[in-house]
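Reviewing the structure listed below.
Number of protein chains: 2
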Amino acid sequence: MPGSKSTAELYAEYKIKLQKIADVRNALAVLGWDQETYLPEKGAGFRGQQITTLSTIAHELFTAPELDTVLQALKGQSSLDAVAQKNILLSTEDFEKNKKYPPAFVAEMSKVTNESYHAWIKARKANDYDLFAPALSKMIALKKQETDLLGYEHHPYNALLNEYEKGANTAMLDTIFEEVKTALSPLLTQIEQQPAIHKDFLHKHYERNTQWQFGISLLENMGYDMQAGRQDISEHPFTTSFNPHDVRVTTRIDENDFGNMTWSCIHEGGHALYEQGLPTEQYGLPCGEATSLGIHESQSRLWENNVGRSLIFWQYHYPRLQQLFPENLGNVTLETFYRAINKVQPSLIRTEADELTYHFHIMIRYEIEKGLIDGSIPVKDLKHTWNEYYRRYLHVTVPDDVQGVLQDIHWSHGSFGYFPTYSLGSFYAAQFFTAAQHQVPGLDNSIATGNYQPLLDWLRTNIHPFGRFYTSNELCKKVTGKPLAFGDFLAYAQKKYSGIYQF
Amino acid sequence: MPGSKSTAELYAEYKIKLQKIADVRNALAVLGWDQETYLPEKGAGFRGQQITTLSTIAHELFTAPELDTVLQALKGQSSLDAVAQKNILLSTEDFEKNKKYPPAFVAEMSKVTNESYHAWIKARKANDYDLFAPALSKMIALKKQETDLLGYEHHPYNALLNEYEKGANTAMLDTIFEEVKTALSPLLTQIEQQPAIHKDFLHKHYERNTQWQFGISLLENMGYDMQAGRQDISEHPFTTSFNPHDVRVTTRIDENDFGNMTWSCIHEGGHALYEQGLPTEQYGLPCGEATSLGIHESQSRLWENNVGRSLIFWQYHYPRLQQLFPENLGNVTLETFYRAINKVQPSLIRTEADELTYHFHIMIRYEIEKGLIDGSIPVKDLKHTWNEYYRRYLHVTVPDDVQGVLQDIHWSHGSFGYFPTYSLGSFYAAQFFTAAQHQVPGLDNSIATGNYQPLLDWLRTNIHPFGRFYTSNELCKKVTGKPLAFGDFLAYAQKKYSGIYQF
Numbered sequence: 155m156p157g158s159k160s161t162a163e164l165y166a167e168y169k170i171k172l173q174k175i176a177d178v179r180n181a182l183a184v185l186g187w188d189q190e191t192y193l194p195e196k197g198a199g200f201r202g203q204q205i206t207t208l209s210t211i212a213h214e215l216f217t218a219p220e221l222d223t224v225l226q227a228l229k230g231q232s233s234l235d236a237v238a239q240k241n242i243l244l245s246t247e248d249f250e251k252n253k254k255y256p257p258a259f260v261a262e263m264s265k266v267t268n269e270s271y272h273a274w275i276k277a278r279k280a281n282d283y284d285l286f287a288p289a290l291s292k293m294i295a296l297k298k299q300e301t302d303l304l305g306y307e308h309h310p311y312n313a314l315l316n317e318y319e320k321g322a323n324t325a326m327l328d329t330i331f332e333e334v335k336t337a338l339s340p341l342l343t344q345i346e347q348q349p350a351i352h353k354d355f356l357h358k359h360y361e362r363n364t365q366w367q368f369g370i371s372l373l374e375n376m377g378y379d380m381q382a383g384r385q386d387i388s389e390h391p392f393t394t395s396f397n398p399h400d401v402r403v404t405t406r407i408d409e410n411d412f413g414n415m416t417w418s419c420i421h422e423g424g425h426a427l428y429e430q431g432l433p434t435e436q437y438g439l440p441c442g443e444a445t446s447l448g449i450h451e452s453q454s455r456l457w458e459n460n461v462g463r464s465l466i467f468w469q470y471h472y473p474r475l476q477q478l479f480p481e482n483l484g485n486v487t488l489e490t491f492y493r494a495i496n497k498v499q500p501s502l503i504r505t506e507a508d509e510l511t512y513h514f515h516i517m518i519r520y521e522i523e524k525g526l527i528d529g530s531i532p533v534k535d536l537k538h539t540w541n542e543y544y545r546r547y548l549h550v551t552v553p554d555d556v557q558g559v560l561q562d563i564h565w566s567h568g569s570f571g572y573f574p575t576y577s578l579g580s581f582y583a584a585q586f587f588t589a590a591q592h593q594v595p596g597l598d599n600s601i602a603t604g605n606y607q608p609l610l611d612w613l614r615t616n617i618h619p620f621g622r623f624y625t626s627n628e629l630c631k632k633v634t635g636k637p638l639a640f641g642d643f644l645a646y647a648q649k650k651y652s653g654i655y656q657f
Numbered sequence: 155m156p157g158s159k160s161t162a163e164l165y166a167e168y169k170i171k172l173q174k175i176a177d178v179r180n181a182l183a184v185l186g187w188d189q190e191t192y193l194p195e196k197g198a199g200f201r202g203q204q205i206t207t208l209s210t211i212a213h214e215l216f217t218a219p220e221l222d223t224v225l226q227a228l229k230g231q232s233s234l235d236a237v238a239q240k241n242i243l244l245s246t247e248d249f250e251k252n253k254k255y256p257p258a259f260v261a262e263m264s265k266v267t268n269e270s271y272h273a274w275i276k277a278r279k280a281n282d283y284d285l286f287a288p289a290l291s292k293m294i295a296l297k298k299q300e301t302d303l304l305g306y307e308h309h310p311y312n313a314l315l316n317e318y319e320k321g322a323n324t325a326m327l328d329t330i331f332e333e334v335k336t337a338l339s340p341l342l343t344q345i346e347q348q349p350a351i352h353k354d355f356l357h358k359h360y361e362r363n364t365q366w367q368f369g370i371s372l373l374e375n376m377g378y379d380m381q382a383g384r385q386d387i388s389e390h391p392f393t394t395s396f397n398p399h400d401v402r403v404t405t406r407i408d409e410n411d412f413g414n415m416t417w418s419c420i421h422e423g424g425h426a427l428y429e430q431g432l433p434t435e436q437y438g439l440p441c442g443e444a445t446s447l448g449i450h451e452s453q454s455r456l457w458e459n460n461v462g463r464s465l466i467f468w469q470y471h472y473p474r475l476q477q478l479f480p481e482n483l484g485n486v487t488l489e490t491f492y493r494a495i496n497k498v499q500p501s502l503i504r505t506e507a508d509e510l511t512y513h514f515h516i517m518i519r520y521e522i523e524k525g526l527i528d529g530s531i532p533v534k535d536l537k538h539t540w541n542e543y544y545r546r547y548l549h550v551t552v553p554d555d556v557q558g559v560l561q562d563i564h565w566s567h568g569s570f571g572y573f574p575t576y577s578l579g580s581f582y583a584a585q586f587f588t589a590a591q592h593q594v595p596g597l598d599n600s601i602a603t604g605n606y607q608p609l610l611d612w613l614r615t616n617i618h619p620f621g622r623f624y625t626s627n628e629l630c631k632k633v634t635g636k637p638l639a640f641g642d643f644l645a646y647a648q649k650k651y652s653g654i655y656q657f
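Protein chains in written order, with the working numbering: chain A, 155 to 657; chain B, 155 to 657.
If you want it as structure tokens, here you go:
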């Protein structure tokens, strides 16, 4: 009986229950990692079944009445410290939300996710959206059902957004993407009036193993702990964490595109540094989890763009890169290289987009997701709508489905509401990095000498150790003194690109 | 209420419950595979905790009263087909046995197993048995507790033996190992009187990648389905199955020992062929599981020794091997190679032992395990006893712990009673292979031309598809017409070695 137990005993019980759930979820993450790295072809069917079973078990544990009893008994217990109180508050919220999902729905979602993931793989191989559409229809029907289960205000899409970014909604995002359009479009026009930048040398032959070694060395340089993680190859790069001591990244290598692997490594490395920096003593508890996808993405973007596409970053790394690929880069100056890797050019593939047009890719996905969820865009029209939006916003013609509507893994995973966090991440990153530059003396100088310790220390002090103790908004205000705004990103972009394009 | 359900409905319920347990166990197997192939160093702690949690969940599911209710309702239901009836019978036995393990014991065993595995790794690195002894003591105390929980007749070790080989006991094994001694010792003496065989060329430098490719090609040749499995590197080679469509093998490569990887590949390949040949429609049910470790081992040994160390096998593969390693083998004849790979020589390391002295290695472990479990050999004396037995039975001096008592992973995993199944496997293999040679016309000829399909077909007809439907004894009688006997192995050994050593 909870009534007869001390608060400390109850909290210990709560911790055991939450960590048991975390263990099951982390086992699921291992199955997922294996599925995208090493699973033999024929193993997919039973693996899907195994993932469904563990998902169901995790869900059962997180909706068990015994957990509810412990949470109720601990709610508002002022003898707990602030972190413990926050854990109880957030777990209670999570529990209430989880209870909204019937077990049958969870099992069905897991099954459909598996089906649609494999349909997407198949459709990509055949370069044929029609092979994906039936599975996607099922998925969207389930996501609509999910918005009803969760409840929402104003727009059903808000229910899904909140899964990734607590507090985000269509009103806020409509405003932000309007700002993106009004502020970035003129900047793009200015850039388009300048002479084009050539970057052919980035598409010469870059040998696979040398690229791999270079990527590993970048991860190590950033401070990614290789004894608490590893890198492997997968179709679509991702970061996954089984606990802060086992945080894995994946990448892909294109021998005819130098940038593909390099910034994927730095990007996933940024995610991984966040996960490796979460407090191990909070394993399985809310304050041991990343606070939001937007903040997660701010960590990957900060490293990928603010650091990894800066002139000072390459001042240090470029001479070594020239030694590794003398035939491709021996006669290319640092300045030329720097301009090439930052070339702005409307294009087809989101993951290969430059820092500016990238946000138009996201805006398109955001508009489409809203439409798929509220029914204004039927699944059968998706490909057409996609191609039309790319024509309208990025002035490009989509030649086939792999370079169009089939390019992202997200919808096959049922991740609707996820894309906007990519843009939010960039804007958070700019605001955080600006703050770090003010707060850390000599930050740029240390980056210019390949020393990222001061930056990592700042992140490990200001961002990583709190988990969900602060929401993204709270964290942003605490660290930068103000809520998220578009200003720092715009200032960063104007300064960077006026330098590169000399206007 | 089971009373109101049809037998078919109840059986469907039973299947769902069993397959859920199988899913959790197979997830555990994935975590185990990852632990021994790709886990980063610092990830071991939390991984141990995750394995403990899933083990506990699997145990809870297999001791749930709801399962008992369904099993009771289905017991002796004659409307079920023979396979279904056998599944119910075996699941009921499993359930009764599982109930004997309290959840706390299961969790403790999982924790201690993880600790002792990592202690063994550490002790091997330091070449120091004393670093393993404390964890081993804990493990043995738990194993003794386990014999009490399970119950036994005559000797506590029998309880553990039965976990791996139903029906085996110390009386039977004492007899068999006596036969090994009386029949194999004279054969060994005869061999020792012949001129020594030289095999230095097997220890020249065999380049890693070429070995790897050769191993993969052997696996493919044997009929191992690479789309339903894969090979990776681990400290100690093993086979693990997540379902018949995902059966993985591992190997290790020693660039100064040609045989190390080659026969590990063939051996694990034999195990894997059995697992890939189990009926998928019986997934998670007893008739979808291997019948015993002895039979499992018969499959690996049959391929490794009866096939993989035969002259006809190398008639086909040797010319290619010579092409891969011309500097090492270009001037070595097939006959010389064949004699070298079958050289009989008492030695230190079990996994590198020849087919004859191998059984003395097993006998030593068998005697030691009996002694550790009945307390006649204290853990602190284990190293001394080990070294003494090696002196007595194999006439070799153990120079250090890695080449002695720390060489096997088994005890660190808590696998006591496992070793004897290796010898049983060899004896089953000889009896099965002799039967196959009688039953399949032209079997030797097909092997001599690198065509293993007739052999695999025979195994896929006579051994693989039954799972636990037959016990090892029943299967042996069904396939060979008689119970397991030492005779076929002895005849095989006498014929083979009198040829090689020309007496």
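Cβ atoms here follow ideal geometry from the backbone N, Cα and C, with glycine treated the same way. No experiment lies behind these values; they were computed from the predicted model shown.
Interface annotation, A/Glu195: in contact with chain B, CB-CB separation under 8 Å. Looking from the CA of A/Trp366, the closest CA among A/Asn397, A/Thr405 and A/Ser339 belongs to A/Thr405. Against chain A, the beta carbon of B/Val403 has no neighbour under 8 Å; the closest one sits roughly 11 Å away. With the rule of 3 Cβ pairs closer than 8 Å, the stretch 173 to 181 of chain A does not count as touching the stretch 362 to 378 of chain B. Excluding five sequence positions before and after A/Gln189, the CB atoms of its chain that fall closer than 7 Å to its own CB belong to Arg201, given in chain order. Pairing A/Thr434 with A/Gly442, the inter-Cα distance amounts to about 7 Å. With a cutoff of 8 Å on beta-carbon distance, B/Val224 and B/Lys171 are scored as near each other.
The Cβ atoms of A/Trp540 and A/Gly525 do not sit closer than 8 Å to each other. Among the CB atoms of chain A, one or more fall inside 8 Å of the CB of B/Lys174. In its chain, beyond the 5 residues on either side, Pro391 and Thr405 have a beta carbon closer than 6 Å to the beta carbon of A/Ser418.
Distance between A/Gly186 and A/Glu542, taken at the CA atoms: about 34 Å.
One Cα belongs to A/Pro310, the other to A/Asp535, and the distance between them is close to 20 Å.
Under the Cβ criterion (8 Å, minimum of three pairs), the stretch 288 to 295 of chain B does not count as touching the stretch 333 to 353 of chain B. When rounded, the separation of the alpha-carbon atoms in B/Ile503 and B/Gln561 is 7 Å.
Put simply, the backbone Cα of B/Ile175 is about 50 Å away from that of A/Asn605. For B/Thr575, the CB contacts under 6 Å within the same chain, skipping 5 residues up- and downstream, are Tyr318, Glu319, Leu447, Gly448 and Glu451 in chain order. Shown here, B/Arg384 sits in coil according to DSSP, grouped into three states, outside any helix or strand. A direct Cα-to-Cα measurement between A/His359 and A/Glu409 gives close to 6 Å. For A/Thr207, at least one C-beta of chain B is nearer than 8 Å to its own C-beta. A direct Cα-Cα distance of roughly 35 Å separates B/Ser501 from B/Gly431. As DSSP reads the structure, A/Val403 sits in a beta bridge with A/Gln385 and A/Thr393. The beta carbon of A/Leu578 is closer than 6 Å to those of Gly448 in its chain, skipping five residues each way along the sequence.
The shortest CA-to-CA distance from B/Glu422 to any of B/Tyr271, B/Gly438 and B/Gly383 is the one to B/Gly383. Cβ atoms of B/Gln453 and B/His471 stay farther apart than 8 Å, at about 20 Å. Exclusion of the five residues before and after B/Gln204 leaves Leu185 as the residues of its chain whose Cβ lies within less than 7 Å of its Cβ. Between B/Phe259 and B/Leu327, the C-beta gap is not smaller than 8 Å, which leaves the two residues out of contact. Look at A/Val633: its C-beta is not under 8 Å from any C-beta on chain B.
When rounded, the separation of the alpha-carbon atoms in A/Tyr165 and A/Leu234 is 9 Å. Comparing C-alpha distances from A/Ile242 to each of A/Phe286, A/Asn252, A/Leu290 and A/Lys169 shows the shortest one belongs to A/Lys169.
Residues of the stretch 160 to 185 of chain A with a C-beta less than 7 Å from any C-beta of chain B: Lys174, Asp177, Val178, Asn180, Ala181, Val184 and Leu185, listed in chain order. Contact check for B/Leu427 against B/Leu610 passes: the beta carbons are separated by less than 8 Å.
In terms of Cβ geometry, B/Gln385 and B/Ile370 form a close pair [threshold 8 Å]. Interface with chain A (8 Å Cβ-Cβ cutoff): B/Tyr437 is included. At least one CB of chain B lies nearer than 8 Å to the CB of A/Asp188. Judged by beta-carbon spacing, B/Ile518 lies within the 8 Å limit of B/Tyr544, meaning their Cβ atoms are closer than that value. By the neighbour-count criterion, in which a residue is buried when 16 or more other Cβ atoms sit within 10 angstroms of its Cβ, B/Glu429 is buried.
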